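Report on the following structure.
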Amino acid sequence: MYGWAGKRLRVNLSTGEILTEPLSYEYRRKWIGGRGFNSDVIYNEVPPGLDPFDPEARVCFGVGPVSGSAAPSTGRVTITCKSPLTGGFGDSNMGGHWGAELKYAGWDQIIIQGRAKNPVYLWIDDDNVELRDASHLWGKFPREADQMIKEELGDEDIHIVLIGPAGENMVRFACTFNDVWRAAGRTGTGGVIGSKNLKGIACRGSGTVKVADPRALLECSDRLRQAFKGDIMKEGLYEHGSLCLINVANRDGWFPWKNFQGGAHPNADNMSGETHSTTVLKHREGCYACPICCGRFTKIHDGKYAGEEFGGPEYEHAVPTGPRLGIIDDANDIWHNARLTNDYGLDGIETGGAIGAAMEWYEKGLITAKDTGGLELTWGNEEVVDKLIQMIGRREGFGDILADGADRAADKLGLPDEAHYYSITTRGMTLPGDDPRGLGFGYGLSFAVGTRGGCDHLRSLCCLELSGALYPGLNTKLLGDERANRPVTTVGKPYMVYYEENQKTTTDCLNVCCFTTHWSYAVTTPDQIEYLNAVTGLDFTEEEFQEVGERIFNLERSYWNRLMSGAREDTVPERFLKEPMPQGVEYQTNVGAVFPLNNLLKKYYEYRDWDPATGFPSEKKLNVLKLDYVAKDLAPLRSKYLSEPEKKKKKYYH
Amino acid sequence: MAVMTKAEAKKFLELDDRMIDILNFLKAKSILDEETHRKILLGGYFRLIEYLAKKNMLKKKQADDALENGFDSLIKALAS
Ligand code: SF4
Chain A
1 MYGWAGKRLR
11 VNLSTGEILT
21 EPLSYEYRRK
31 WIGGRGFNSD
41 VIYNEVPPGL
51 DPFDPEARVC
61 FGVGPVSGSA
71 APSTGRVTIT
81 CKSPLTGGFG
91 DSNMGGHWGA
101 ELKYAGWDQI
111 IIQGRAKNPV
121 YLWIDDDNVE
131 LRDASHLWGK
141 FPREADQMIK
151 EELGDEDIHI
161 VLIGPAGENM
171 VRFACTFNDV
181 WRAAGRTGTG
191 GVIGSKNLKG
201 IACRGSGTVK
211 VADPRALLEC
221 SDRLRQAFKG
231 DIMKEGLYEH
241 GSLCLINVAN
251 RDGWFPWKNF
261 QGGAHPNADN
271 MSGETHSTTV
281 LKHREGCYAC
291 PICCGRFTKI
301 HDGKYAGEEF
311 GGPEYEHAVP
321 TGPRLGIIDD
331 ANDIWHNARL
341 TNDYGLDGIE
351 TGGAIGAAME
361 WYEKGLITAK
371 DTGGLELTWG
381 NEEVVDKLIQ
391 MIGRREGFGD
401 ILADGADRAA
411 DKLGLPDEAH
421 YYSITTRGMT
431 LPGDDPRGLG
441 FGYGLSFAVG
451 TRGGCDHLRS
461 LCCLELSGAL
471 YPGLNTKLLG
481 DERANRPVTT
491 VGKPYMVYYE
501 ENQKTTTDCL
511 NVCCFTTHWS
521 YAVTTPDQIE
531 YLNAVTGLDF
541 TEEEFQEVGE
551 RIFNLERSYW
561 NRLMSGARED
571 TVPERFLKEP
581 MPQGVEYQTN
591 VGAVFPLNNL
601 LKKYYEYRDW
611 DPATGFPSEK
621 KLNVLKLDYV
631 AKDLAPLRSK
641 YLSEPEKKKK
651 KYYH
Chain B
655 MAVMTKAEAK
665 KFLELDDRMI
675 DILNFLKAKS
685 ILDEETHRKI
695 LLGGYFRLIE
705 YLAKKNMLKK
715 KQADDALENG
725 FDSLIKALAS
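Protein chains in written order, with this note's numbering: chain A, 1 to 654; chain B, 655 to 734.
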């Protein structure tokens, strides 16, 4: 067998049982890998009614057939679970080197179930797999635990997945890391791992990826690497990381100022990639086999946080605990907050979302210092933000309430419905730092229908509207309309979202970084199939490959449908639908914009062949995608979804 | 012979999002079957042009124009 290792590991932490399961040819062909393998397991093994923190819940780690090969940026890993934040389908993927290492150790996937009596970590040394005591690691930051495990195992070169204290404390938006700084940020995978008393997974692989046609793979990989030379997005990402987007976001009005009350600020450049590179950038870091190398490493030199060092930040990491909370004057505050969310193992986006919502409740008088334990939640109050991030990570005081996410916090506090208006969530998950009134109507549509909740930019990654204008002709070639590259237009957006979602899903099955594919389309679907076939020796066609993407997307959608989440819940926070974008800077391009979601949804359903009344995939569509068992699951639920008791829109599940 | 009337073309040109309507139209005219409709939708606009050119529904110059200018050119070509 080429490409895949052909087997997965199943670890039951309650019994200590460790099993090897073969992955058949048919199975691999149907799901390809990574996101596909994981989504299948979650759909089949985690019933919709199960509490995500129940020991019976699963958390899966999956890599793809080209993981660890010479193809560009093939070191990613997808982590999937039933999200404790939303109660629905949840996954997140991360770069680094662990994904490649897992493959070298001879595994395509790990399924974790059960709950250990005491804290443990999993040690995978090729075929030798054991659970080891992690009591001494409990409470440690990932950077500390990583070092301790390496010393314990006597190997500095192993790669380790870890959670931080937030995961241990089952914060509903705790994230998961590997190589200390590379995060699977969204949906609360770290909380599920923590609920199982699992601190991490250390991995050492001495094997390799068996490649069917090494010459073809090298030729293809070399050609693709050349394609990045001089590429404008590659240059931007290498020079300034994803912070290269700050000034663009500010110009085009999608820079989230004070919980999206605004979309631009005169001092945004304080935290731009350009400023970061010339003030606090220590060095650059890349993931496995990456031709872009967008990773940053930061060292703060002055002020009260002088001496702090950490990996990052990303745009989506810095913005939520900075400008979204009214912090912009001193960028060191923003870098520090990003460092804190890393250390505690928190999803920066959700942390900023929860604190931002609370700040707006405070501003609007829905809560007072009495509710917060004396914390004055005023915009830009760095002292309070610093405290609150740590309190969330430790589940202390008001932080314990916010640790359940903004929507649940509003309900726990007994706030009126109005509070949810300020939660800025869809399906219980807060939106990332991309205001749909600026970036753009395609992104907004993808947030509404994303299969992991309010999602983030990475579900569909509508780069055809974000950076399409930098590549004249690209939107015409793929979508037939160059005007689709304008963010604030409805032109071509339903097709764009459908198209990009499918592309992104297959990319996640290969566990390849989407920065190397979607941003510039320097690596296209035919290129991906070329290296997939070179590695596996199989004959995937474009149609078959893309159908896998569509299959997985519809399977994930059906998971939500089984929870009675469909067309009614396909929306974005009302602020974007109702409040015209105010002017923040003179040169802002989107003043007055509101997001016309309803104009887009109907057409999008047509592309997907989803029933407009329920938002469920049609039976015919599911059958075409070889998901007939899913069609059977959904059959009795279609009318139930339309029945009176189900009619109230739900904010989150379980 | 024109695949669509001038009035139909006008309607398509007014649409914000055209891909699925055009594909549905071509399917209704039996220019595409169900499978090809699906394949093209997944593959992207350029796959539609490739298909129509292969079927001799577009001349070389029309196909080149449609690839360069998108639906605006394609719709005009189909109506000519
Ligand atoms: S582009 Fe950045 S995130 Fe993606 S693989 Fe490269 S270094 Fe990692």
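We treat Cβ as the ideally placed atom computed from N, Cα and C, and that holds for glycine.
Computed from a predicted model, the values in this text were never measured in an experiment.
> Can you list, in chain order, the residues of its chain whose CB lies under 6 Å from that of Leu431(A), leaving out five sequence neighbours each side?
Replying inline: Ile424, Phe447, Gly454
>> Let me confirm a value: Gln113(A) is counted as buried when at least 16 other C-beta atoms fall within 10 Å, else exposed. Which label applies?
In response: Buried is the call here.
>> Run through the DSSP bridge pairs and tell me what Pro22(A) is partnered with.
In response: Lys7(A)
>> If I measure Cβ to Cβ from Met148(A) and keep anything under 8 Å in the same chain, skipping five residues before and after, which residues do I get?
In response: Excluding the 5 residues flanking it on each side, Met148(A) has same chain C-beta neighbours closer than 8 Å at His136, Leu137, Lys140, in chain order.
> Which residues in chain A sit within 8 Å of Leu721(B), going by Cβ to Cβ distance?
Replying inline: Contact of Leu721(B) with chain A by beta-carbon distance below 8 Å involves Thr476, Lys477.
> For Asp333(A), which residues from the same chain have a beta carbon less than 7 Å from its beta carbon, with the 5 sequence-adjacent residues on both sides left out?
Replying inline: Ile327, Glu382
> For Lys493(A), which of Tyr629(A), Tyr443(A), Thr505(A), Gly95(A) has the nearest alpha-carbon?
Replying inline: If we check each option's Cα against that of Lys493(A), Tyr443(A) comes out closest.
>> Run through chain B and tell me which residues come within less than 7 Å of Val488(A), C-beta to C-beta.
In response: Under the 7 Å cutoff, chain B gives no residues; its nearest Cβ is about 13 Å from Val488(A).
>> Using the Cβ count rule (16 or more neighbours within 10 Å means buried), how would you classify Gly468(A)?
In response: Gly468(A) sits buried, since 16 or more C-beta atoms from the chains shown fall within 10 Å of its C-beta.
> For chain A, is any of its Cβ atoms less than 8 Å away from the one on Phe666(B)?
Replying inline: No - not a single Cβ of chain A is within 8 Å of the one on Phe666(B).
> Under a Cβ-count criterion, where at least 16 other Cβ atoms within 10 Å of its own Cβ denotes burial, should Tyr42(A) be classed as buried or exposed?
Replying inline: Note that residue 42(A) is Ile in the sequence shown here, rather than Tyr. That one is buried.
>> Strictly by DSSP, which residues pair up with Trp123(A)?
In response: Checking the DSSP bridge columns, you'll see Trp123(A) partnered with Glu130(A), Ala202(A).
> Measuring CA to CA, which of Asn337(A), Lys117(A), His265(A) is closest to Ala134(A)?
Replying inline: Considering only alpha carbons, the answer is Lys117(A).
>> So, under 8 Å CB-CB, Tyr605(A) and Pro612(A) are touching, yes? Tell me the CB distance rounded to an integer number of Å.
In response: 5 Å
> Where Leu23(A) and Thr506(A) are concerned, what is the direct C-alpha to C-alpha distance, given to the nearest angstrom?
Replying inline: 19 Å
> Going along the chain, which unbroken runs of the alpha helix (DSSP H) with 4 or more residues stay wholly within the region 152-184 of chain A?
Replying inline: 165-168
>> Measuring alpha carbon to alpha carbon, tell me which residue in Glu722(B), Leu696(B), Met658(B), Ala731(B) is nearest Thr541(A).
In response: The candidate whose alpha carbon is nearest that of Thr541(A) is Leu696(B).
> Is Tyr344(A) closer than 8 Å to Gln390(A) when the C-beta atoms are compared?
Replying inline: yes
> Counting Cβ pairs closer than 8 Å, one from the region 250-263 of chain A and one from the region 543-561 of chain A, do we hit at least three?
Replying inline: no
> Is the shortest distance between the beta-carbon of Val491(A) and the beta-carbons of chain B less than 8 Å?
Replying inline: yes
> Three-state secondary structure (DSSP) at Asn197(A)?
Replying inline: coil
>> Let me make sure I understand the geometry here. Which of Asp407(A), Leu510(A), Glu530(A), Lys210(A) has the alpha-carbon closest to that of Gly64(A)?
In response: When Asp407(A), Leu510(A), Glu530(A), Lys210(A) are compared, the shortest CA-CA separation from Gly64(A) is found for Leu510(A).
> Is it right to say Glu350(A) is buried, meaning 16 or more other beta carbons lie within 10 angstroms of its own, or is it exposed?
Replying inline: buried
> In the structure shown, what three-state DSSP assignment does Asp411(A) receive?
Replying inline: helix
> Taking any Cβ of chain A, which residues in the region 678-708 of chain B have a Cβ under 8 Å from it, in chain order?
Replying inline: Arg692, Lys693, Leu695, Leu696, Gly697, Gly698, Tyr699, Phe700, Leu702
>> Given a cut-off of 8 Å on the beta-carbon distance, is the pair Asn590(A) and Arg437(A) in contact?
In response: yes
> Could one say the Cβ of Met658(B) lies closer than 8 Å to chain A's Cβ atoms, at least one of them?
Replying inline: no
> Residues in its own chain within less than 7 Å of Glu130(A) by CB, not counting five upstream and five downstream?
Replying inline: Trp123
> Based on the DSSP output, what are the partners of Glu91(A) in its beta bridges?
Replying inline: Just to set this straight, residue 91(A) is Asp in the shown sequence, not Glu. DSSP lists Thr80(A) as partners of Asp91(A).
> Span of the alpha helix (DSSP H) holding Met503(A)?
Replying inline: What sits at residue 503(A) in the sequence shown is Gln, not Met. Residues 493-510.
>> Given 7 Å as the limit, tell me if Gly95(A) has its C-beta closer than that to any heavy atom belonging to the ligand SF4.
In response: Checking the Cβ of Gly95(A) against the ligand SF4 gives yes.
>> Against chain A, does Asp718(B) count as a neighbour if the rule is that its beta carbon must be under 8 Å from one of theirs?
In response: No, no contact with chain A.
>> Quick check on DSSP: helix, strand or coil for Lys30(A)?
In response: helix
> How long is the line joining the alpha carbons of Phe228(A) and Ala289(A), rounded to whole angstroms?
Replying inline: Their backbone Cα atoms lie some 13 Å apart in a straight line.
> For Gly566(A), which three-state DSSP category applies?
Replying inline: If DSSP states are grouped into helix, strand and coil, Gly566(A) belongs with coil.
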